[in-house]
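See structure below.
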Amino acid sequence: MKVRPLPAWTNGLGRVLRAPALVLVLWICSLAITIPPAIALNDAIGRHLGSSMEADAALDGTNYDWLQEFRAQASSLGRSLRTDVIGFAAVLDNASALADVNFRPMVVVVSAMVFASLVWFLSPGIICRLAVDTPLGAGSILGVAGTFGFRMAKLGVVAAGVYGALFLSVHAWLFDEVFDRTTRDMTVERTAFFVRLALYGLFFLLVAAVNAVFDFARVRLVVEDRRSTVASIAAATRFIRNNAGAACGVYLLNVASFVLVAGVYAVVAPGAGGGYWNAWYAFIVGQLYVAARLAVKLAFWGSEIAALQARFDCPGFVRALPGTIGVEVSASSSSPLPQRP
Amino acid sequence: MRLRGALIACALLWAPAASAFAQSAAPLSPRNASYKIVVNLEPRTRTITASEVITWRNITHVSTSELQFHLYWNAWVDTKSTLMRESARSGPVHRPPGDFARLSVDSIRLANAGPDDPAGDLTPTRRFIAPDDGNADDKTVMVVSLPRPVAPGESTSVVVKWSARVPRTFDRTGTIGNYYFIAQWFPKLGVLEDTGWNCHQFHSQTEFFSDYGVYDVEITVPRGWVVGATGVEAGRSDSGGVTTHRYVQEDVHDFAWTTSPDFAVRTARFEEAGLPPVDMRLLIQPEHAGQAERHFAAGRSALRRYGSWFGPYPYGHLTIVDPAWQSDTGGMEYPTLITGGTQWLISRQMTYSTPEEVVIHEAGHQFWYGIVGSNEFEHAWMDEGINTFATARAMAVDYPPAVLDRYYFGGFIPWTFSDVRLTRETDYNRLWDYRLGATEDTLSGLSYRQRPGTVRFFAYDKPAVWLNTLERWLGWPVVQQALSATFRDGAFGHPSPELVLDHLQRASGRDLSQFFDQTYRGSAVFDYAVTELSSEARDGQFETRAVLRRLGDGVFPVEVLVTFENGDTITEHWTGDERWRELVYTRRTRVRSVVIDPQRQLLLDVNFTNNSRTLAPRSSQAARKWTLKWMVWLQDALLSWGLFA
């Protein structure tokens, strides 16, 4: 059956919206990971400000002089507090660091590794939940995650290797060699900017391709209960190749929804002024943005699952579910997926 | 030989014009080192061939039997020069061989010697010396012996012929694409002082020093290329595919020029009651053409403020060069010629990246470097520090507060933090940077000998913060009077730091020796703190105790403002020389806060946060506010890297 991207995407998004607990769980994970270093940072700031009246200016706006003084005396965690944390600059800062593979503070590196590992571990359960499109208990989701744990670990090792090669070798080649060589005698910044933009486009095309392959590999691994990592990747690649329009369309729609979320946040993200309650308001707006981004993240998987199931005309199908999960899924889920195309 | 012939022919041809020009105004400077240069740029081979006639007069009280020249471009012929070795201390220098310069001095002759007079040929006597570090591989100082000494008051003329390969830019000199910025490019005499030649090697941390004179320079470039240079264009002629531009400038101590076919040329005029008018010429990159007026406005700000604070700008013209992207030639000053620096995408508001600060700063150098010709090798703070202070002041007077910006995605995409205001005192004076290096060295040390990597602390940061501290302590009229007197007495000469200190002392009418000992000759750290504050009820009243401490070794008289809950205030005066002091009050009301130096006169205090204490601190709220922002940033980072999860 031919897959069309827009229905697959709306279907996938619908699955995510019907599973808000997934977004909630991931949001809690992201928050929980940031809380321990946040407590340490809060203490460090509090200690530095002490009973100083400089706190008033730091509270009512941006006391930039205090911020620099604090950073000059702070540990590496404290030095990660920069003006880049204000509003939408946070998004630019992180996206730019990713695009340019800039060194990040240790707290970011460690937290990101924990978060990525956690999401990777939970992803079979999440994919299963989105695939059956029916409520599952936390135990079932964790059970699926556990069942697929070893296979996901193997896939994770391969993914880490490929992403590592992309972000270290390919990126270095593109931006340290190609960009530098291309622009070496360039004297017009605008031209150089467009060269860099083109290289970003090329690089993120590669990243997107790899990302799509590993996403589909995970989906196929879980939905079809595949045991071989290599076979899952091969199946994902075949699927993308045979359904290139749909796969690309779905991916682009998801990217567009991410851009939309980021764009809305750019407009509504509060700055640093306004005092204590404004800080909470900014935090809440920030959390809504985080939740929306997590929903977009899940929509990638949801729409990929929808595309796969639509291709084989078996909505809700999951081949092998541990325990009672298979019983809970709809009748159509028992329809056989064609033999691992 | 052909060059020499051309030089002589040109000299004869232009002699009347030059003479007329020279008579246009009374000399402002000793004009004891004048240069008549003919240079031809060949972009295809990236080479210049040139010849110069140097006329030098000995204005010291001692004779000399040699001439010492700076050959700055020899610093970039390989990685063995002192400059390159110093640069390598902050990281290895990886440059392809094609980037390096080549400089060949082909001959040096006495100008008045006949062509066959062997005594007139000084070439065989040339040798290289390394007076600063003895580096035998450094060839940035060349010496030639004279057949007879030049006595005080006597003059001598030499003709130097040389050729050079223009480097890919090093230290804000060189070429990229078809943009050329040619500075420190000609064999240039050092400065003879009563103690001997002052001709330092080229160092990575410091700049230049030379005598004043008249520069008459003929520059030949491909036809259609725009030229900007020190001075004003006094003639132009086309020949074949090239154009020769003649630039003349009196009473300056250097000459730089630039050329490119890509410059867009804009002009404007500065006019201000009480100050001489100045014609401004802007050579701007076409992609920045929309920013032309911002460059001119900044130029006007500098000419207006520096002119009225210190003394008028006498040259009548100023060329502002907007350097080509990644040329690394921006933010530099030469007599009547400066380079700015901006980006394609910039904020509408003034930020660190918009052209205002750099143009004001470099235009300000026309006063503190150009007119007051201090020794940048030895006392870099005299031009950079005073100028950084004055730049910050001019910006505060002429512009609304600047805001912070940052560039992302390879440095191309700006983001303006509209609610992060930059202030003159802490940001443009670079207090934030001074804190990091307060004890690295002393301001009075010779700049080229200061600890590697610390030049910014002592050339820029500390003197700016130091002078602003004096302004807040003694008042602007005192500092302005002292600096204008320094400007007056040091104009077109080579003043020593003592001139600044003496004028500050005199203008203030008080003994500043302790302050200078701590901040100029020493590296005292100032850090006053309120370490304890309590207000306890006792017999219907409140006993308030505050402990003030001097945590650093620097001593400075400070005010202490005590504020009570009913709004009453007490201002105490503390000489600040004790290590601690306790304030005790018994009143009907509790204390609210104690602040040391509430007006923040002592900008040199490296830790201002501990200067105050209140019984109703809001630090936990402030900490939470910034932590909440940081959390969202960290969560966003997780999501960005979670792309792979």
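Chains as they are written, first to last, in the working numbering: chain A, 1 to 341; chain B, 1001 to 1645.
For glycine and all other residues, C-beta sits at the position ideal for the given N, C-alpha and C.
Keep in mind it's a predicted model, so treat the numbers as computed, not measured.
Here B:VAL1227 is near B:VAL1221, since their CB atoms are less than 7 Å apart. Nearest CB-CB separation between A:LEU49 and chain B: below the 7 Å threshold.
B:GLU1052 sits buried, since 16 or more C-beta atoms from the chains shown fall within 10 Å of its C-beta. Residue environment: B:LYS1625 is assigned as buried (16 or more neighbouring CB atoms within 10 Å of its CB, all protein chains considered). Chain-ordered, the chain A residues with CB closer than 8 Å to the CB of B:THR1426 read TYR64, ASP65, GLN68. Look at A:ASN102: its C-beta is not under 7 Å from any C-beta on chain B. With 16 or more other Cβ atoms from the protein chains shown falling within 10 Å of its own Cβ, B:PHE1516 counts as buried. At a C-beta separation below 7 Å, B:ALA1324 has these neighbours in chain A: THR187.
Residue burial is scored here from C-beta neighbours: B:ILE1371 has at least 16 other C-beta atoms within 10 angstroms and is therefore classed as buried. The Cβ atoms of B:ARG1549 and B:THR1563 do not sit closer than 7 Å to each other. Non-local beta-carbon contacts of B:VAL1500 in its own chain, meaning distances under 6 Å to residues more than five positions away in sequence, involve THR1486 in chain order. Cβ proximity to chain B below 8 Å picks out TYR200, VAL207, ASN211 from the stretch 197-213 of chain A. Residue pairing by DSSP places B:HIS1070 opposite B:VAL1141, B:LYS1188 in a beta bridge. Using a CB distance below 7 Å, the part of the stretch 1435-1462 of chain B facing chain A consists of ARG1435, LEU1436, ordered along the chain.
Going by DSSP, B:GLU1154 is part of no alpha helix (DSSP H) at all; its letter is neither H nor E. Around A:LEU174, the same chain offers LEU199, LEU202, PHE203 as residues with beta carbons nearer than 8 Å, after the five sequence neighbours per side are excluded.
The criterion of a C-beta distance shorter than 7 Å is satisfied by B:SER1260 and B:TYR1179. Annotation for B:TYR1035: GLU1052, ILE1054, TYR1215 place their beta carbon closer than 6 Å to its own, counting only its chain and skipping 5 residues before and after.
Using a Cβ distance threshold of 7 Å, B:LEU1303 and B:VAL1278 count as a contacting pair. Close CB contacts of A:LEU155 within its chain, under the 8 Å cut and outside five residues either way in sequence, are with PHE214, ALA217, ARG218, LEU221, THR229, SER232, ILE233 (chain order). Taking 7 Å as the threshold, the shortest C-beta distance from B:VAL1632 to chain A falls below it. For the set B:ILE1037, B:ASP1405, B:PRO1097, the Cα lying nearest the Cα of B:THR1230 is the one of B:ILE1037. DSSP places B:ILE1176 within a strand segment (E or B) once states are collapsed to three. If only uninterrupted alpha helix (DSSP H) runs of at least 4 residues are considered, those enclosed by the stretch 4-81 of chain A are 5-17, 20-49, 54-60, 64-73, 76-79.
Within chain B, no residue has its CB atom less than 7 Å from the CB of A:LEU136, the nearest being about 20 Å off. Contact between B:THR1454 and B:TYR1428 is absent: CB atoms are separated by about 20 Å, not below the 8 Å threshold. Neighbours of A:LEU24 in chain B, taken as residues at a C-beta separation under 9 Å, are lacking, since the least C-beta distance is about 14 Å.
Chain-order list of chain A residues neighbouring B:VAL1420: GLY61, THR62, TYR64, LEU67, THR83, ILE86, GLY271, ALA272, by C-beta distance under 9 Å.
At least one C-beta of chain A is nearer than 7 Å to the C-beta of B:ILE1176. Here A:SER111 really is in contact with B:LEU1634; their C-beta atoms are around 6 Å apart, less than 8 Å. When B:ILE1570, B:ALA1459, B:ASP1511 are compared, the shortest CA-CA separation from B:THR1206 is found for B:ALA1459.
Ranked by Cα distance from B:GLY1240, the first of B:ASP1254, B:TYR1247, B:GLY1224, B:GLU1250 is B:GLY1224.
Segment contact: the stretch 146-155 of chain A against the stretch 1132-1150 of chain B, fewer than three CB-CB distances shorter than 8 Å; contact not assigned. Looking from the CA of A:ALA138, the closest CA among A:ALA19, A:TRP301, A:ALA282 belongs to A:ALA19. Of A:VAL23, A:GLN73, A:LEU24, A:ALA208, the smallest CA-CA separation from A:ALA44 is found for A:GLN73.
Put simply, the backbone Cα of B:PHE1644 is about 34 Å away from that of A:MET186.
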